[in-house]
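Below you can see the structure in the form of structure tokens.
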């Protein structure tokens, strides 16, 4: 899974031929026992994620990547321009909290931004100063909301799937990761999970919970994850598709 756990290989670089000439491309390779072919996608940092079958070779993966040079140029040219967190919420006024879609409405305050979560009404009221917008403080307000809701969602997913809960959970402002898991049973998740659709949010959480037993991306890991989320392969692809427009929201510029 792209940008999820620290077990993903480090970024490497290679030269790819295009009609306009060679370009330097950052890439990562991931093996998937469920994949019957090689396919590529771009993550939120415009890195190439190359997914290959279990028995696929790195040489064949790079050969395939070299054949996709013009496709990469086209995709990079379509990369979404940075959008403010507030603008994103105004265009798509919804969050995922406790596995459900929750509407965001806006209220005025001349103080620091804050939220009111009306759970029964499936609504979050985000108060901020319309005349002096502070993105960093809006981010902190949403991060605070995410901490409570994501931790509760982890408890629910563990209970419904018979998973032993992690020893520690933190919700942070990661720059490129959706989540990570350590050998000490510590899971760290990106607060922006509340901006993802419910199924994809659960997928990220279950991905990290699977790492509590399998600290790698071996076939055992993917089989375990499939038992938690039978649609994990599809959800992984969907995560790659939406990451580019979400992972950078609210970051310092």
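Residue numbers (our numbering): 101 to 353. Ideal Cβ placement from N, Cα and C applies to all residues, glycine included. Remember, it's a predicted structure, so these values are computed and weren't measured experimentally.
Q) Distance, Cα to Cα, residue 234 vs residue 115? A) Along the chain shown, read from residue 1 onward, the residue named residue 234 stands at position 134. Along the chain shown, read from residue 1 onward, the residue named residue 115 stands at position 15. Taking the straight line joining both Cα atoms gives about 41 Å.
Q.
Quick check on the burial criterion: 16 or more other C-beta atoms within 10 angstroms. Buried or exposed for residue 113?
A. Mapped onto the chain shown, residue 113 falls at position 13. Answer is exposed; the Cβ neighbour count stays below 16.
Q) In whole angstroms, what separates the C-alpha of residue 247 from that of residue 158? A) What you label residue 247 is simply residue 147 of the chain shown in a count that begins at 1. What you label residue 158 is simply residue 58 of the chain shown in a count that begins at 1. Whole-angstrom Cα-Cα distance: 39 Å.
**Q.** Contact the stretch 159 to 176 vs the stretch 264 to 277: 3+ CB pairs below 8 Å
**A.** no
Q) By how many angstroms is the C-alpha of residue 226 removed from the C-alpha of residue 207? A) For this step, residue 207 is matched to residue 107 along the chain shown. For this step, residue 226 is matched to residue 126 along the chain shown. Looking at the two C-alpha atoms, the distance is approximately 6 Å.
Q) Between the beta-carbon of residue 346 and the beta-carbon of residue 261, is there less than 8 Å? A) Translated into positions along the chain shown, residue 346 becomes position 246. Translated into positions along the chain shown, residue 261 becomes position 161. Taking 8 Å as the Cβ cut-off, residue 346 and residue 261 do not qualify as a contacting pair.
Q: Please look up how many angstroms separate the CB atoms of residue 287 and residue 253, rounded, as I've assumed it's under 8 Å.
A: One-based indexing of the chain shown puts residue 287 at position 187. One-based indexing of the chain shown puts residue 253 at position 153. About 12 Å separates the two Cβ atoms, so there is no contact after all.
Q. Ordered along the chain, which non-local residues of its own chain (more than five positions away) have a Cβ less than 8 Å from that of residue 319?
A. Locating residue 319 in the chain shown gives position 219, counting from the first residue. 133 and 154.
Q: Name the two residues that bound the continuous alpha helix (DSSP H) containing residue 321.
A: Translated into the one-based positions of the chain shown, residue 321 becomes position 221. Looking at the DSSP string, the run of the alpha helix (DSSP H) that includes residue 321 is 319 to 328.
Q) For residue 100, does the count of other Cβ atoms within 10 angstroms reach 16, so buried, or fall short, so exposed? A) A query on residue 100 cannot be resolved here, the shown segment of the chain reaching from 101 to 353 and no further.
Q. Of all the options 242, 122, 175 and 340, which has the alpha carbon lying nearest to the alpha carbon of residue 278?
A. The residue labelled residue 278 in the question sits at position 178 within the chain shown. If we check each option's Cα against that of residue 278, 340 comes out closest.
Q.
Threshold first: 4 residues or longer. Then list the alpha helix (DSSP H) segments lying entirely within the stretch 174 to 199, N to C.
A. 185 to 191
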